[in-house]
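Asks:
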């Protein structure tokens, strides 16, 4: 239990540290008055605020409330959502290497975004809706394809997901091939690597309901995930309608990932790696694993995004940062944990 | 009768694996299901568990037609103890046992403290209380089979199906599991159907036996009276006979062990369904 409390305490601390860092550094002493200014001055943070010791310039309040806070909120939410979806998919597919994009949601969303940038009106909300809808279409197609097979095991679903992913990936590549390299292509490429620089209160208003209710629903129904990791027939004989519940979990996870990708583009790796870190801390039991995964995912992506926006003069796409830090971290965990803990399947 | 099959047939797709099987299993008795590889034993267990749909006949569990029951209701009536395997994620043995309580709780609930106590007392009964917090995947085959058995018992269903529970176990563990089953069945009044390959185990521990071949029942009845030389020859293949040891123990042995015969029964050359 101590580990869990420690993790939960780290989040506000990390958020505080990340509020101060960035290309426009904010003095830690200013954070508190800035926070109060937002709550106190409900008329809007457009006006400058005077505080006994600090004179807070208008642009500082603007940056703080309209850029930095939304970005931090968004990165915590998306991190928690994608990581939770990753833990769910690993349970459903009984495979610790499954990632939330295994059924094609990421490929579908990127294709949808590229399609909108290229052929539809390149307005933010149209790109976002198109990405969201195509993410869901991709997973639905994978499900339909798998349902044509007599074999209802998750491996058939994974193969259909790979097929659908490949097709949407090809579509995306084709659009990129056609795209004008000076504006459209750059926009599409940035999408496929993800970034939080477009985070705003409007985007939070759209994504928060899906992500928060998704995480809460998965947490509420988390104990059953233990049984979903068992052999299908064992799960059936214990009294779970495996096929019905699989659809339930896939729908929630897909909605979470699709709305994340629609808001910020692809965020690589965290859906795979964060559940592993969480499992290392809390074990495989999903009633403890799911909340731990959500909290750690939020924390992890918050830190990664702060790195992405402050380490270089210009913004680094988020997937590059999550891969550079995430992959070696997973390797470290695997090597350090030695025998037993990370061993999911026994060595022959 | 707690388990009653009436002229059932079932199979995969169009192929019928089971045809016209009728049998009943009585509470408080262990019934062995025997037959060669591919004779339909596992298919029969899966059909009773409602995993394979019936193409004819009816199955009644505690007097209720299985066709009218939903998944959790079937689970409240039948538990299945599968062959030992590993789990993809590392769960503790207690977590493994608790899973089978799922049909008793609401979808959003997790097992209560009382359920945990019950699970631990089941594990005490099967002699694995000390393993409760050990990771399941780190145990030996015999210990894992006892965990699966505890899980079946914790499901608290009146009928229990065991699919070759002895497959990966050593000699001592095979007898341990079977005598444990015998005690538990008497104590809890369970109805048990168990598939076995070793006719000796069936003879020592099971009250009744059902012998099937090509998906049909060839013989059924009390073990001692049913397992005669003629029946064994007809069901389990040509190279088999019953005997009595010097100490008066009933045994089933091969008729002859010569190397020619063994080479002849090697996989590939073997006539699986003579």
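Protein chains in written order, with our numbering: chain A, 209 to 556; chain B, -10 to 263. For every residue, glycine included, the Cβ atom is placed at its ideal position computed from N, Cα and C.
1) Nearest CA to the CA of residue 386(A): which residue from 322(A), 298(A) and 301(A)?
2) With the cut-off set at 8 angstroms, would you say residue 44(B) and residue 11(B) are in Cβ contact?
3) Do you know whose CA, among 337(A), 368(A) and 479(A), lies nearest residue 461(A)'s CA?
4) Could you name the residues of the same chain whose beta carbon sits closer than 7 angstroms to that of residue 122(B), not counting the 5 residues immediately before and after it, in chain order?
5) Residue 7(B) and residue 0(B) - do their beta-carbons sit closer together than 8 angstroms?
6) Report the residues of the segment 468 to 497 of chain A with a CB closer than 8 angstroms to any CB of chain B, ordered along the chain.
7) So with CB distances below 9 angstroms, who are the chain B contacts of residue 437(A)?
8) Taking all protein chains shown into account, do 16 or more other C-beta atoms lie within 10 angstroms of the C-beta of residue 35(B), making it buried, or fewer, making it exposed?
9) Per DSSP, which residues does residue 180(B) bridge with? Please list them.
10) Which chain B residues sit within Cβ distance under 9 angstroms of residue 391(A)?
11) On a Cα-Cα basis, can you pick out the residue from -5(B), 2(B) and 20(B) that is closest to residue 183(B)?
12) Considering Cα atoms alone, identify which of 200(B), 22(B), 175(B) and 241(B) is closest to residue 154(B).
13) Is the Cβ-Cβ distance between residue 379(A) and residue 301(A) less than 8 angstroms?
14) Closer than 7 angstroms between beta carbons: that is the criterion. Which residues of the segment 441 to 466 of chain A meet it against chain B?
15) Apply the 10 Å Cβ neighbour rule to residue 423(A) and answer buried if 16 or more other Cβ atoms are within range, or exposed otherwise.
16) So residue 73(B) and residue 134(B) are supposed to be a Cβ contact under 8 angstroms. How far apart are they, rounded?
17) Roughly how many angstroms lie between the CA atoms of residue 453(A) and residue 443(A), to the nearest whole one?
18) Name the DSSP bridge partner or partners of residue 56(B)?
19) I'd like to know whether the C-beta of residue 260(B) is nearer than 8 angstroms to at least one C-beta of chain A.
20) Using 8 angstroms as the limit for Cβ to Cβ distance, is residue 544(A) near chain B?
21) With a cut-off of 8 angstroms, does the C-beta of residue 235(B) fall near any C-beta of chain A?
22) Cα separation between residue 243(B) and residue 218(B)?
23) If the cut-off is 7 angstroms on Cβ atoms, which residues from the segment 425 to 436 of chain A count as contacting chain B, listed in chain order?
24) Go ahead and pull the three-state DSSP assignment for residue 230(B).
25) For residue 196(B), which residues in the same chain have their Cβ closer than 6 angstroms to its Cβ, ignoring the five residues on either side in sequence?
26) Indicate whether at least one CB of chain B lies closer than 8 angstroms to the CB of residue 308(A).
27) Can you find a CB in chain B that lies within less than 8 angstroms of the CB of residue 541(A)?
28) Residues of chain A with a CB under 9 angstroms from the CB of residue 38(B): which are they?
29) Quick one: what's got a C-beta closer than 8 angstroms to residue 518(A)'s C-beta in the same chain, skipping five residues either side?
30) For residue 194(B), does the three-state DSSP call read helix, strand or coil?
31) Comparing alpha-carbon positions, which option in 241(A), 296(A) and 233(A) lies nearest residue 558(A)?
32) Say whether chain B places a C-beta atom closer than 8 angstroms to the C-beta of residue 253(A).
33) Tell me, which residues are paired with residue 68(B) by DSSP?
34) Which residues, in order along the segment 223 to 249 of chain A, keep a beta-carbon less than 8 angstroms from a beta-carbon of chain B?
35) When you compare the CB positions of residue 286(A) and residue 509(A), do they come within less than 8 angstroms of one another, or not?
36) I need the boundaries of the beta strand (DSSP E) containing residue 298(A), first residue and last residue.
Replies: So, from the data block:
1) As a working mapping, residue 386(A) is identified with position 178 in the first chain. Checking every option, the nearest Cα to that of residue 386(A) belongs to 322(A).
2) By one-based count along the second chain, residue 44(B) stands at place 55. By one-based count along the second chain, residue 11(B) stands at place 22. In this structure, residue 11(B) does not lie closer than 8 angstroms to residue 44(B) by Cβ.
3) Position 253 of the first chain holds residue 461(A). With distances taken between Cα atoms, residue 461(A) lies closest to 479(A).
4) If you number the second chain from 1, residue 122(B) lands on position 133. These residues qualify, in order along the chain: 81 and 83.
5) Against the second chain, residue 0(B) aligns to sequence position 11. Against the second chain, residue 7(B) aligns to sequence position 18. Yes, they are a contact pair.
6) 487, 491, 492, 493 and 495
7) On the first chain, position 229 is the one that residue 437(A) refers to. The contacting residues are 76, 77, 78 and 80.
8) Looking up residue 35(B) in the second chain gives position 46. The residue in question, residue 35(B), is buried, as its Cβ has 16 or more Cβ neighbours within 10 Å.
9) The residue given as residue 180(B) occupies position 191 in the second chain. Beta-bridge partners of residue 180(B) (DSSP): 148(B).
10) For the purposes of this step, residue 391(A) is identified with residue 183 of the first chain, where counting begins at 1. Near residue 391(A) there are no residues of chain B at all, since even the closest Cβ is about 46 angstroms away, more than 9 angstroms.
11) For the purposes of this step, residue 183(B) is taken as residue 194 along the second chain, with counting starting at 1. Comparing Cα positions, the closest option is 20(B).
12) Counting from one through the second chain, the residue named residue 154(B) turns up at place 165. Of 200(B), 22(B), 175(B) and 241(B), the residue nearest in Cα terms is 22(B).
13) Along the first chain, read from residue 1 onward, the residue named residue 379(A) stands at position 171. Along the first chain, read from residue 1 onward, the residue named residue 301(A) stands at position 93. For residue 379(A) and residue 301(A), no; Cβs fall outside 8 angstroms.
14) 441, 442, 444, 445, 446, 447, 448 and 449
15) Counted from its first residue, the first chain places residue 423(A) at position 215. So residue 423(A) counts as buried.
16) What you label residue 73(B) is simply residue 84 of the second chain in a count that begins at 1. What you label residue 134(B) is simply residue 145 of the second chain in a count that begins at 1. That pair is a contact at about 5 angstroms.
17) The residue labelled residue 453(A) in the question sits at position 245 within the first chain. The residue labelled residue 443(A) in the question sits at position 235 within the first chain. For residue 453(A) and residue 443(A), the distance between alpha carbons rounds to 11 angstroms.
18) For this step, residue 56(B) is matched to residue 67 along the second chain. Answer by DSSP bridge pairing: none, since residue 56(B) is not bridged.
19) Locating residue 260(B) in the second chain gives position 271, counting from the first residue. Any reading at residue 260(B) must be qualified, since the residue scores a pLDDT of 48, below 50, and its modelled position is unreliable; the value itself is stated next. Taking a beta-carbon distance threshold of 8 angstroms, residue 260(B) does not count as an interface residue toward chain A.
20) Here residue 544(A) refers to the residue found at position 336 of the first chain. It does not: the Cβ of residue 544(A) has no partner Cβ on chain B nearer than 8 angstroms.
21) Working through the second chain from its first residue, we reach residue 235(B) at position 246. No, its Cβ sits nowhere closer than 8 angstroms to a Cβ of chain A.
22) Here residue 243(B) corresponds to residue number 254 of the second chain, with the count starting at 1. Here residue 218(B) corresponds to residue number 229 of the second chain, with the count starting at 1. Approximately 11 angstroms between the Cα atoms of the pair.
23) 428, 429, 431, 432, 434 and 435
24) As a working mapping, residue 230(B) is identified with position 241 in the second chain. If DSSP states are grouped into helix, strand and coil, residue 230(B) belongs with the strands.
25) What you label residue 196(B) is simply residue 207 of the second chain in a count that begins at 1. Correct list, in chain order: 18 and 19.
26) Against the first chain, residue 308(A) aligns to sequence position 100. Residue 308(A) does not count as touching chain B.
27) Translated into positions along the first chain, residue 541(A) becomes position 333. Residue 541(A) does not count as touching chain B.
28) If you number the second chain from 1, residue 38(B) lands on position 49. Ordered by position in chain A, the residues that pass the 9 angstroms Cβ test against residue 38(B) are 441, 444 and 445.
29) Looking up residue 518(A) in the first chain gives position 310. Closer than 8 angstroms at Cβ, skipping near neighbours: 229, 230 and 231.
30) Within the second chain, residue 194(B) is the residue found at index 205, counting from 1. Here DSSP, grouped into helix, strand and coil, assigns residue 194(B) to helix.
31) Past the boundaries of the shown model lies residue 558(A); chain A is included only from 209 to 556, so the question cannot be answered.
32) Along the first chain, read from residue 1 onward, the residue named residue 253(A) stands at position 45. Only weak support exists for where residue 253(A) lies, its pLDDT of 46 falling under 50; the value from the coordinates is given anyway. Residue 253(A) does not count as touching chain B.
33) Numbered from its first residue, the second chain carries residue 68(B) at position 79. In DSSP, residue 68(B) forms a bridge with 149(B).
34) Cβ contacts with chain B: none found.
35) Counted from its first residue, the first chain places residue 286(A) at position 78. Counted from its first residue, the first chain places residue 509(A) at position 301. Yes, the pair counts as a contact, with Cβ atoms nearer than the cut-off.
36) Locating residue 298(A) in the first chain gives position 90, counting from the first residue. Note, residue 298(A): premise wrong, no beta strand (DSSP E); alpha helix (DSSP H) at 277 to 300.
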